Structures are given as structure tokens and as C-alpha cells.
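Undergrad: There's a structure below that I have some questions on.
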Amino acid sequence: MIQLPFSKLSDVGTTIFSQMTQLANENQAINLSQGFPDFMPDSELLNHVTHFITKGFNQYAPLGGMIGLKEEIARKIENSHQAVYHPDSEITITAGGTQAIFTAIATFIKKDDEVIIFEPAYDCYEPTVELFGGIVKRFEMKAPDYEIDWNAVKGLVSKKTKMIILNNPNNPSGKILKEKDIQELIGIVKDTSILILSDEVYENIVFDGKQHLSICRYPELKERSLLVASFGKLFHVTGWKVGYCAAPKNLTDEFRKVHQFNVFCVNTPIQLALAEYMKNEEHYNHLNDFFQEKRDFLRKGLAGTSFELLDCEGTYFQGVKYDKISDKNDFDFARELTINHKVATVPFSSFYKNKLSEHVVRLCFAKKQETLEQALEYLSKI
Numbered sequence: 000m001i002q003l004p005f006s007k008l009s010d011v012g013t014t015i016f017s018q019m020t021q022l023a024n025e026n027q028a029i030n031l032s033q034g035f036p037d038f039m040p041d042s043e044l045l046n047h048v049t050h051f052i053t054k055g056f057n058q059y060a061p062l063g064g065m066i067g068l069k070e071e072i073a074r075k076i077e078n079s080h081q082a083v084y085h086p087d088s089e090i091t092i093t094a095g096g097t098q099a100i101f102t103a104i105a106t107f108i109k110k111d112d113e114v115i116i117f118e119p120a121y122d123c124y125e126p127t128v129e130l131f132g133g134i135v136k137r138f139e140m141k142a143p144d145y146e147i148d149w150n151a152v153k154g155l156v157s158k159k160t161k162m163i164i165l166n167n168p169n170n171p172s173g174k175i176l177k178e179k180d181i182q183e184l185i186g187i188v189k190d191t192s193i194l195i196l197s198d199e200v201y202e203n204i205v206f207d208g209k210q211h212l213s214i215c216r217y218p219e220l221k222e223r224s225l226l227v228a229s230f231g232k233l234f235h236v237t238g239w240k241v242g243y244c245a246a247p248k249n250l251t252d253e254f255r256k257v258h259q260f261n262v263f264c265v266n267t268p269i270q271l272a273l274a275e276y277m278k279n280e281e282h283y284n285h286l287n288d289f290f291q292e293k294r295d296f297l298r299k300g301l302a303g304t305s306f307e308l309l310d311c312e313g314t315y316f317q318g319v320k321y322d323k324i325s326d327k328n329d330f331d332f333a334r335e336l337t338i339n340h341k342v343a344t345v346p347f348s349s350f351y352k353n354k355l356s357e358h359v360v361r362l363c364f365a366k367k368q369e370t371l372e373q374a375l376e377y378l379s380k381i
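Residue numbers (numbering that gives the first Met the number 0): 0 to 381.
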């Protein structure tokens, strides 16, 4: 075996999502760990894919993506957030949200640039920053409310701060940014060259009549932001790996320089199918209602157990505290829950660099009714 000179990501192993899914499979457990639906997408969307494949649209798409899909995205953003992006020069179709995030960081972060992230944080942010020589500055949001102390965030800002990464709604906490948060952020970046990478893949999954405040709603933020979204979350097709990045032309021009040498372009027939499907806004305008019904069902079922429900304002993840059940750290508890009680979850500590354990695990409710019912039957016995 060849001896490697070094590892660029020496501290990185298999993701917690893969670990818990494997553990679930090994123990025939209900998998509420990894964030994917276990139900079929709309047959109409699948029929569109078949149509474009059989009609011969099977070769390379343009670098930036199919214009029809980019036009539908631009229309959706303008209708939802009253923000205008030029379809051809300011929207890029990507191979999922994670590739868009990776490319944005690769494009703008160089050695010793500082990047502020908010933990609990999706696991791709930090290693990608480090891969390109950047330095991560972390603000820890803590249970039970996961609020941001913006004065503390100001203390993280320096002359080396190049980027702030947001995840709104936040995975795993389900927290959404409020107007006061946005105004604090505007104050922090004013008169700086700090970029914002806004991961908004759950933008259409917000509950209880609350509003998703996209970064693009605010002109002073839009001009410095790269907005990332995902069709996997929007249309229950996580395995298709199609997303997009919307950004002003000067940022998009730089983004595409890297994008072209990363994946160059994205699946042609699926882009065309998504464009056709998006022409009917009803296909995504009521997604929040669809998932709120699942969230409420799960919460109602857990209300009679020893688990403590945390707020869930958005995403399809529910956080629960288990203090009344066990004093084990969350990783050990999640393993025990999977092996002994046949329900796989994700420990919140895996979303923190220092593995902060506040006795919280994450449950995914993007599942069929019978899956949730079976999971609740097992959990109610603990």
C-alpha cells in the first residue's frame, strides 16, 4: 500500500448520517436519521423526466444550466422574495446544494481567510473552508432556543473575515432567522467586503404561518450574497442532486470559473423536467403545509413520552431532549436508541466542532405515515 505524504482533511471520517444509516440497516431500525423522504415524488414530475429522456435530451447542458429552468427559478424567487436575478447571468444550476456550497467556498476562500459559521452547522461547511486554507470562526447556538448573540458574533469579525455562512432554516435545530437577526447582520457587514453564503435549501418548509426571510429580500445583503437552494428538498428527490446558486453577476462570473472545472454542467433531462414541473406554482407553494402535517403528527405522538420537544420552526427535522431518559452523551444514546429500540436518530453533538452534548437528538419526519407511526410505537415504549 502506498504511503500517503499527508491528509488534507486528517480529522474527517465518514459522516454521522452515513454512520447512523448503516447502523439502522444493520439493526433493522426505522431510519429517522438521514434527511431523505421514504416516499415517491409526484408521478407528473417523473413522467416529465421520462419524456425528455426519450425525446433525446441526453447530452451536456450549458455550463450555467438550461435557460428554461433558470427562468422558472428567477420567477419563483421574484414571486416569493421580491428580488430580481437575471436568469442567464445570475443563476447557476448545480449538482445539489452541497456542490454549490463547495464551489462558493472554493471560489472565494484562500489561505488564512476567516469564515464565520453558526453551530449546530451542516457538516460540509467547515471541512470545505479548511480544504482551501481558510480559518473557521464558530458561534455556538445552544439548546433550547438556539438564539444568536450578535454582540458575540461581532467579536468574531476581523480584518481577515471574508465570509459568513448562514443556514436558514437551520439544520438541525429548525430555527429560522427573524427580522432582528437580519438587521443585526446588515449592521455587521456594512462598509465591509464580507461575503455571505446563504444556505436556504429548506426555504419552502417553514411552519405556523411564519415567513422565511431570504437573504435576497434585503438589497444591502443581496449584493454580497450567494444564495443556495435545492430541488431535492423542494420536490422530494434528494438522489437527483440538483440545486442552484443565485448571486449578482460579478459573483456568479467568479463562481462559474470554478464550477466549470468541478462538474461543468448538470443532468440535462432532469433540468428540463424540473422547468416544466415548476410552471405550476402549486407544486411547491404548499410544501410547508405538507410537512407541517407530518411535524404535528410526530410532535403529538411524542407529547406523551419522556422526550422533551424543542421548537421546530422549519426544515423537516425535530429536535428532542432526552434528559429524563438517560444521562449518556448523545452519540451513545443515539446508538442505544438504534440498537435497542429500533429507531435511528442523529446526535446534535455531531453538528459542533467540540462535540457539545446537550442531550439532544434529531429526528427526520420526511417519512411516510406508516413509517412515523411505527417509529412512535417504538419510542413510546422507552
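Cβ coordinates follow ideal geometry from the N, Cα and C atoms, glycine included.
Quick caveat: nothing in here was measured; it's all calculated off a predicted structure.
Which residues bound the alpha helix (DSSP H) around residue 288?
TA: 286-301
Undergrad: Does the Cβ of residue 191 have 16 or more other Cβ atoms within 10 Å, making it buried, or fewer, making it exposed?
TA: Flag for residue 191 reads exposed.
Undergrad: Does residue 39 pass the burial test, meaning 16 or more other C-beta atoms within 10 Å, or should it be called exposed?
TA: That one is exposed.
Undergrad: Who does residue 371 pair with in a DSSP beta bridge?
TA: Answer by DSSP bridge pairing: none, since residue 371 is not bridged.
Undergrad: Just list the beta strand (DSSP E) runs in the region 325-373, keeping only unbroken ones of 3 residues or longer that don't cross its boundaries, in chain order.
TA: 359-363
Undergrad: Which stretch, first to last residue, makes up the alpha helix (DSSP H) that contains residue 116?
TA: No alpha helix (DSSP H) contains residue 116, which is instead part of the beta strand (DSSP E) from 113-118.
Undergrad: Output the boundary residues of the alpha helix (DSSP H) element that contains residue 139.
TA: Element bounds for residue 139: not the alpha helix (DSSP H) but the beta strand (DSSP E), 134-139.
Undergrad: Do the region 215-224 and the region 180-197 make contact, defined as three or more Cβ pairs closer than 8 Å?
TA: Contact holds between the region 215-224 and the region 180-197, because three or more Cβ pairs, one in each stretch, are under 8 Å apart.
Undergrad: Could you say which of 266, 283, 28 and 33 lies nearest to residue 79 if we only look at CA atoms?
TA: Considering only alpha carbons, the answer is 283.
Undergrad: What residues match up with residue 217 in a beta bridge as DSSP calls it?
TA: Its beta-bridge partners do not exist; DSSP assigns none.
Undergrad: Sort out for me which residues DSSP pairs residue 160 with in a bridge.
TA: 113
Undergrad: Locate the alpha helix (DSSP H) running through residue 98, then write down its first and last residues.
TA: Residue 98 -> alpha helix (DSSP H) spans 96-107.
Undergrad: Hey, residue 22 and residue 343: beta-carbon distance below 8 Å or not?
TA: In contact: residue 22 and residue 343 (Cβ atoms closer than 8 Å).
Undergrad: Spatial neighbours of residue 197 within its chain, please: C-beta separation below 6 Å, excluding the five flanking residues on both sides.
TA: 165, 214, 224 and 226
Undergrad: Helix or strand or just coil, what does DSSP make of residue 13?
TA: In the structure shown, residue 13 sits in coil (DSSP, three-state: anything other than H, G, I, E or B).
Undergrad: Leaving aside the five residues before and after residue 115 along the sequence, list all residues of the same chain whose C-beta is less than 6 Å from its C-beta, in chain order.
TA: 136, 155 and 163
Undergrad: Grab the span of the beta strand (DSSP E) containing residue 198 for me, first residue to last.
TA: 194-198
Undergrad: Drop a sphere of 10 angstroms on the beta-carbon of residue 97, count the other beta-carbons inside from all chains shown, and report buried for 16 or more, exposed for fewer.
TA: buried
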